[in-house]
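Okay, so here's the structure we're looking at.
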Amino acid sequence: LQVLPILLKRDAQLRGSLYAILSETFATKDDFTRVLEEIRLLREETNKRFEEQREETRLLREETNKRFEEQREETNRRFETMERRFEEHRKETNKRFEAVDRRFEALIAEMKQMREETNRRFEEHRKEMLLGFTSVRDELHVRITTIGSRWGKELEGTVRNIFKELLFKRFEVKEIERWECFDESGIVYSHPSSVEADILIKNGECYLVEIASSCKKADVGALEQKALLYQKKKGILPKKVLVAVEIEKDAIALCKELGIQLITYDEIKEE
Numbered sequence: 196l197q198v199l200p201i202l203l204k205r206d207a208q209l210r211g212s213l214y215a216i217l218s219e220t221f222a223t224k225d226d227f228t229r230v231l232e233e234i235r236l237l238r239e240e241t242n243k244r245f246e247e248q249r250e251e252t253r254l255l256r257e258e259t260n261k262r263f264e265e266q267r268e269e270t271n272r273r274f275e276t277m278e279r280r281f282e283e284h285r286k287e288t289n290k291r292f293e294a295v296d297r298r299f300e301a302l303i304a305e306m307k308q309m310r311e312e313t314n315r316r317f318e319e320h321r322k323e324m325l326l327g328f329t330s331v332r333d334e335l336h337v338r339i340t341t342i343g344s345r346w347g348k349e350l351e352g353t354v355r356n357i358f359k360e361l362l363f364k365r366f367e368v369k370e371i372e373r374w375e376c377f378d379e380s381g382i383v384y385s386h387p388s389s390v391e392a393d394i395l396i397k398n399g400e401c402y403l404v405e406i407a408s409s410c411k412k413a414d415v416g417a418l419e420q421k422a423l424l425y426q427k428k429k430g431i432l433p434k435k436v437l438v439a440v441e442i443e444k445d446a447i448a449l450c451k452e453l454g455i456q457l458i459t460y461d462e463i464k465e466e
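Convert by adding 195 to the 1-based position in the sequence shown; the result is the number in our numbering.
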């Protein structure tokens, strides 16, 4: 332990050999940077696809409204033309024959009935168009939500694996255990529920670790409550460690206030 650091400082070739050996086992800074860059590109691609899908939906809605308006105007023009011709014919007929006028009145009633039937069918057609558009919109929303959910789960799993490797390196531990219990008193979530957390042990010290891709103030509070629950169940108050790619400012302040060790995305880049 005393001689090796001195040899590493003096012998550049020895340092290079040791680095080559360790790089086969441990992830390097470039590895972490490349993985995080891939995560960033995946997020940008997903946002781009979502924007394209939303634009397509907007264009479809505009096209549907335009067609509906054109059809309504065309129908109105046809009815106006028919009414004008009908009125001219009625006036001419009244001048000639009273009998024809009576028959013509019957024809008027028939035309009104036909117009009402046409209006009814037109209204049914309009409702069918609106229903079809609503169905397309709902289906699109479900697909986008499913994509976002799958992407979020994949990202969370990737982030957890990356940070676990970082914890192995920083705390010099070989394994992180998964602790699960039932919180019947509602300490963590204010109601009885199952609680999970990562636990690591080093030199007799117990660390309770929370890993997340994005962290808010409420997540910090939940970590604090998990530590209290662990103390209640195990009789040991663990040290608290929070690791996250993104974290809000008020969450950082709360970490300092509660004595929670915070490991962020910037620390990964430095290492």
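We treat Cβ as the ideally placed atom computed from N, Cα and C, and that holds for glycine.
All values reported here derive from a predicted model rather than from experimental measurement.
Q: From the DSSP output, in three-state form, read off THR341 for me.
A: On the sequence shown, residue 341 is found 146 positions in, with the first residue counted as 1. Unreliable positioning characterises THR341 in this predicted model, as indicated by a pLDDT of 40, which lies under 50. A coordinate reading is not provided.
**Q.** Residue burial classification, SER408 (beta-carbon count within 10 angstroms, cutoff 16)
**A.** As a working mapping, residue 408 is identified with position 213 in the sequence shown. With 16 or more other Cβ atoms within 10 Å, it is buried.
**Q.** Start-to-end residues for the beta strand (DSSP E) that takes in LEU395
**A.** Position 200 of the sequence shown, counted from the first residue, corresponds to residue 395. From DSSP, the beta strand (DSSP E) with LEU395 extends over 388–397.
Q) DSSP three-state call for VAL436: helix, strand or coil? A) Position 241 of the sequence shown, counting from 1, holds the residue named residue 436. VAL436: strand per DSSP, three-state reduction.
Q.
Could you compute how far the alpha carbon of SER344 sits from the alpha carbon of LEU236?
A. The residue given as residue 344 occupies position 149 in the sequence shown. The residue given as residue 236 occupies position 41 in the sequence shown. Note on SER344: pLDDT 38, under 50, position unreliable in the model; no value is reported.
Q | Contacting residues, own chain, Cβ-Cβ under 8 Å from LYS348 (five flanking each side not counted) | A | Along the sequence shown, one-based indexing puts residue 348 at 153. Confidence at LYS348 is low in this model, with a pLDDT of 49, below 50, so its placement is unreliable and the value that follows should be read with caution. For LYS348, where only same-chain residues beyond five positions count, there are no Cβ hits under 8 Å.
**Q.** Among GLY430, LYS429, VAL436, GLU400, nearest to GLY416 - alpha-carbon criterion
**A.** Within the sequence shown, the letter at position 221 stands for residue 416. It is VAL436 whose Cα lies nearest to the Cα of GLY416.
Q: Tell me whether TYR402 sits in a helix, a strand or coil according to DSSP, three-state version.
A: As a working mapping, residue 402 is identified with position 207 in the sequence shown. Here TYR402 sits in strand by DSSP.
Q: State the Cα-Cα distance for the pair GLN208 and ILE216, rounded to the nearest angstrom.
A: Here residue 208 is taken as the residue at index 13 of the sequence shown, counted from 1. Here residue 216 is taken as the residue at index 21 of the sequence shown, counted from 1. One C-alpha to the other measures close to 13 Å.
Q. Taking all protein chains shown into account, do 16 or more other C-beta atoms lie within 10 angstroms of the C-beta of ILE431, making it buried, or fewer, making it exposed?
A. For the purposes of this step, residue 431 is taken as the residue at position 236 of the sequence shown. ILE431 is exposed by the Cβ-count criterion.
Q) In chain order, what residues of the same chain have a beta carbon less than 8 Å from the beta carbon of ARG229, not counting five sequence neighbours either side? A) Walking along the sequence shown from the start, residue 229 turns up at place 34. Excluding sequence neighbours, ARG229 sits near nothing in its chain.
Q.
Along the chain, where does the beta strand (DSSP E) containing ILE458 start, and where does it finish?
A. Taking the first residue of the sequence shown as position 1, residue 458 is located at position 263. 456–458 is the extent of the beta strand (DSSP E) around ILE458.
**Q.** As assigned by DSSP and simplified to three states, the class of ILE201
**A.** For the purposes of this step, residue 201 is taken as the residue at position 6 of the sequence shown. Here ILE201 sits in helix by DSSP.
Q | Supposed close pair GLU400, ARG373 - CB separation, criterion 8 Å | A | The residue given as residue 400 occupies position 205 in the sequence shown. The residue given as residue 373 occupies position 178 in the sequence shown. At roughly 18 Å, the Cβ-Cβ gap does not stay under 8 Å, so GLU400 and ARG373 are not in contact.
(Q) If contact is defined by three or more beta carbon pairs under 8 Å, each pair taking one atom from either stretch, is the stretch 418–429 in contact with the stretch 378–391? (A) yes
Q. What are the start and end residues of the beta strand (DSSP E) that includes PHE377?
A. What you label residue 377 is simply residue 182 of the sequence shown in a count that begins at 1. Segment 372–378, the beta strand (DSSP E) holding PHE377.
Q: State the beta-bridge partners of GLU385 as determined by DSSP.
A: Position 190 of the sequence shown holds residue 385. Looking at the sequence shown, residue 385 is not Glu but Ser. DSSP lists no partner for SER385.
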